[in-house]
Amino acid sequence: MKYIKCIKYDLCQGILFKAVWWLPWIVLIVLFCIDYDYQAANISGYLGLESERCMADYLCYILAGMKAYTPLRDIPFQFPEIWILIYSYVLMSVLKYPYDNLYTHGTQILIRVKCRGIWWLSKCTYVIIKCIGMFLILYLTISIYCVCRGGNLAGIPDYILMLEISDYMQPMEEWSAQVWTGLFILPAMTAVCIGLMQLLLSLITRPVYAFIGAMVIIIASAYLQSAFLPGSGAMFIRNSAVNPEGMNVSGCLVIAAAYSIICIFVGFVVFKRWDILKKED
Amino acid sequence: MRKNVVKTELYKLFHTKKFYICIGIGCLICLFNVLYIADAKREYVQMLEEYWTGSNFDPTWQSSSLYNCWIGGESFTLSFSVYFFVFPLLVTLPYGWSLYQEIHSGYLKNIAVRMKISSYVKIKYAAAFLSGGLTMIIPLILNFIAAAMVLPAVLPDFIYPFFSVSQFDFIGDLYYTYPILYFAIYMIIIFIECGLLSGLSFLLGYFVKYKMLCVLIPFGSILFIHYFRHLVPTRYELSPLYFMHPTPVIKNNSGWVLLGFGFMLAIFSLIIFFIKGRKDYEIY
């Protein structure tokens with residue numbers, strides 16, 4: 001019961017009362033969709049293509065990331081900007097509240113709850129719900145945008161556009177389980193995983209160092225293709241459904257879930273010994 | 282009073298844990314780069330020795346020059362990617378929310394009764410500038426020195442495909458004649474740009490509601506500039522994440538872009554200072 005109350009409190013304080021985070025997020029997604037339309041129109045005009053827009057077009061563009069990078073002197077590493085912006089924004093939005101809540105009126109809640117475990121689990125639940133919520137808004141915004149543009153929600157993206165714009169290696173043949181997981185479940189799960197890592201790091205260090213740590217994980221995931229780096233598998237371009245050398249989505253999902261559970265458990269242990277009277281700098 | 286404040290701010294700057302932590306993170310990334318490069322060089326030399334037994338001849342001697350292998354000369358290692366991605370956070374962190382904290386803790390009120398607030402903010406801005414520049418430059422200098430211990434300082438030669446600087450790049454000709462001077466000039470430019478970035482994040486303390494935004498807003502803005510750069514058709518690099526790198530990464534580095542970015546940061550800082558900094562500070 002206390003846990004439910006604690007969660008209600010966190011959701012009100014951290015999500016409803018901080019609704020200011022949602023507007024730039026929606027603007028950002030719409031901006032990416034417009035960018036895709038602009039690029040697709042240019043390429044279609046150049047190649048004489050006529051293809052109907054579908055939701056997967058936008059998803060494949062926004063969640064593409066980058067292909068596995070081979071470190072060669074004459075091929076510089078390029079940051080996958082859209083993918084990085086998406087994750088940076090999600091991580092920024094879950095950075096402040098849990099830590100601040102330790103030092104302001106949140107301490108009163110902590111005293112009244114009388115159990116540190118519940119408090120910690122509630123903060124973890126907040127991070128999980130907010131990350132999933134942000135991705136739900138992403139899908140909702142894209143689907144509304146797609147419908148407004150007269151697009152098809154269930155269509156298959158045009159491979160020529162996928163190849164020309166995002167450099168995909170093979171076409172997306174159908175809406176298989178691999179594609180569904182890669183586009184709808186793994187990105188949110190990855191955000192949850194890195195968000196929980198950031199939460200744990202902010203408990204050990206400070207939120208801003210935790211954010212730097214999360215950014216290093218994001219860049220390392222882009223640089224190296226490894227299932228053990230959360231984020232690496234969340235790039236749809238590295239999904240085995242559209243890349244013969246790609247990664248297995250279920251493996252990435254299991255690893256992300258395992259990291260999340262480890263972070264929750266380690267955080268629980270660390271928070272048990274946490275000095276709540278520690279001064280803020 | 283003014284002299285004392287300068288002394289205090291410098292003392293605070295060089296005794297702040299955050300300043301040393303940020304430099305430490307930067308140095309760690311840069312030293313990791315040297316380890317990687319040195320290891321790659323060692324493996325390469327071993328391979329050459331196996332194939333060219335008894336000979337010191339290295340047909341690709343130019344490929345592993347100090348000038349194209351240190352972190353400011355190459356653009357393919359993980360450490361390059363990490364360092365030039367997180368630098369906006371590292372340079373703004375030591376002094377980023379200092380003004381915010383002083384406004385919200387009431388410290389500024391104590392200063393207001395002793396000296397003009399605008400003078401005080403100017404001194405603090407100078408300290409923020411210094412902290413930003415030093416945080417960026419110290420790890421780079423350390424990397425250069427450490428790389429020089431393991432790599433030969435072979436003069437770059439344009440006929441080899443290992444050097445990315447061309448005649449279209451800012452002071453590109455200097456790279457092939459006096460590379461040390463080329464990198465020294467770039468270091469000064471990077472120092473100034475990062476100082477201005479840190480100064481701007483410091484002045485954001487006037488506006489923001491949460492202190493972390495002083496650090497996150499410049500970082501987010503740079504990510505946005507990085508994203509929007511592909512909408513501008515130009516041969517020159519417009520992303521600060523790339524043009525802060527002494528040698529070109531994707532597109533050519535332009536002196537005008539470097540100047541423009543510095544100018545933009547300075548203008549924003551001046552606007553904030555004129556709007557907020559010159560106002561009389563109400564202590565009641």
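Chains as they are written, first to last, in this note's numbering: chain A, 1 to 281; chain B, 282 to 565. For each residue, glycine too, the CB sits at the ideal point set by N, CA and C.
Alpha helix (DSSP H) segment containing residue i, residue limits
i                         : result
histidine 385 of chain B  : 379-386
aspartate 35 of chain A   : 22-47
aspartate 10 of chain A   : 2-11
glutamate 324 of chain B  : 298-332
serine 479 of chain B     : 460-484
leucine 539 of chain B    : 536-553
tryptophan 180 of chain A : 177-180
proline 187 of chain A    : 186-204
isoleucine 498 of chain B : 494-509
methionine 430 of chain B : 398-431
methionine 162 of chain A : 159-166
asparagine 285 of chain B : 283-295
leucine 374 of chain B    : Looking at the DSSP string, leucine 374 of chain B is not in any alpha helix (DSSP H), and its letter there is neither H nor E.
Chain A within 8 Å of residue i, Cβ atoms only
i                         : result
leucine 389 of chain B    : no
threonine 289 of chain B  : no
methionine 417 of chain B : no
leucine 522 of chain B    : yes
isoleucine 426 of chain B : no
isoleucine 318 of chain B : no
isoleucine 384 of chain B : no
isoleucine 306 of chain B : yes
Residue i at chain B interface by Cβ criterion, 8 Å
i                         : result
valine 94 of chain A      : no
alanine 78 of chain A     : It should be pointed out that residue 78 of chain A corresponds to glutamine in this sequence rather than to alanine. Judged by the 8 Å Cβ criterion, glutamine 78 of chain A is in contact with chain B.
methionine 215 of chain A : yes
glutamate 164 of chain A  : no
isoleucine 219 of chain A : yes
serine 226 of chain A     : no
tyrosine 159 of chain A   : no
serine 88 of chain A      : yes
Partner residues on chain B for residue i, Cβ-Cβ distance less than 7 Å
i                       : result
aspartate 74 of chain A : Pro442
valine 208 of chain A   : Leu374, Met493 and Val496
leucine 85 of chain A   : Leu504 and Tyr508
tyrosine 223 of chain A : Leu359 and Ser362
Closer than 8 Å at the beta carbon, the chain A residues around residue i
i                         : result
isoleucine 531 of chain B : Pro76 and Gln78
leucine 370 of chain B    : Val208, Phe211, Ile212 and Met215
Interface partners of residue i on chain A, CB under 9 Å
i                            : result
glutamate 355 of chain B     : Arg73 and Pro76
valine 367 of chain B        : Ile212, Met215, Val216 and Ile219
phenylalanine 449 of chain B : Those within 9 Å of phenylalanine 449 of chain B in chain A number zero; the least Cβ separation is about 16 Å.
phenylalanine 361 of chain B : Pro76 and Phe77
Inter-residue CB distance, residue i and residue j (contact presumed, cutoff 8 Å)
i                        : j                            : result
valine 315 of chain B    : alanine 428 of chain B       : 5 Å
glycine 246 of chain A   : alanine 227 of chain A       : Not a contact, Cβ separation roughly 11 Å.
serine 344 of chain B    : phenylalanine 500 of chain B : With 8 Å as the limit, serine 344 of chain B and phenylalanine 500 of chain B do not qualify as a contact, their Cβ atoms being about 35 Å apart.
leucine 519 of chain B   : arginine 510 of chain B      : 4 Å
glycine 195 of chain A   : valine 127 of chain A        : 5 Å
arginine 283 of chain B  : methionine 430 of chain B    : Contact doesn't hold; Cβ gap of about 43 Å is too wide.
isoleucine 26 of chain A : isoleucine 137 of chain A    : 7 Å
Under 7 Å from the C-beta of residue i: neighbouring residues of chain A
i                         : result
isoleucine 503 of chain B : Those within 7 Å of isoleucine 503 of chain B in chain A number zero; the least Cβ separation is about 11 Å.
threonine 358 of chain B  : Pro71
isoleucine 471 of chain B : In chain order: nothing, as chain A lies at least about 18 Å away.
Chain-ordered neighbours of residue i on chain B, where CB pairs are closer than 9 Å
i                        : result
isoleucine 82 of chain A : Tyr508
For this session: Let me know the alpha helix (DSSP H) ranges lying completely inside the stretch 43-115 of chain A, each 4 residues or longer, listed in chain order.
Result: 55-62, 81-93, 96-103 and 106-113
Problem set entry | Every unbroken beta strand (DSSP E) inside the stretch 211-267 of chain A [3 residues or more] | If we require 3 residues or more, the stretch 211-267 of chain A turns out to have no beta strand (DSSP E) run fully inside it.
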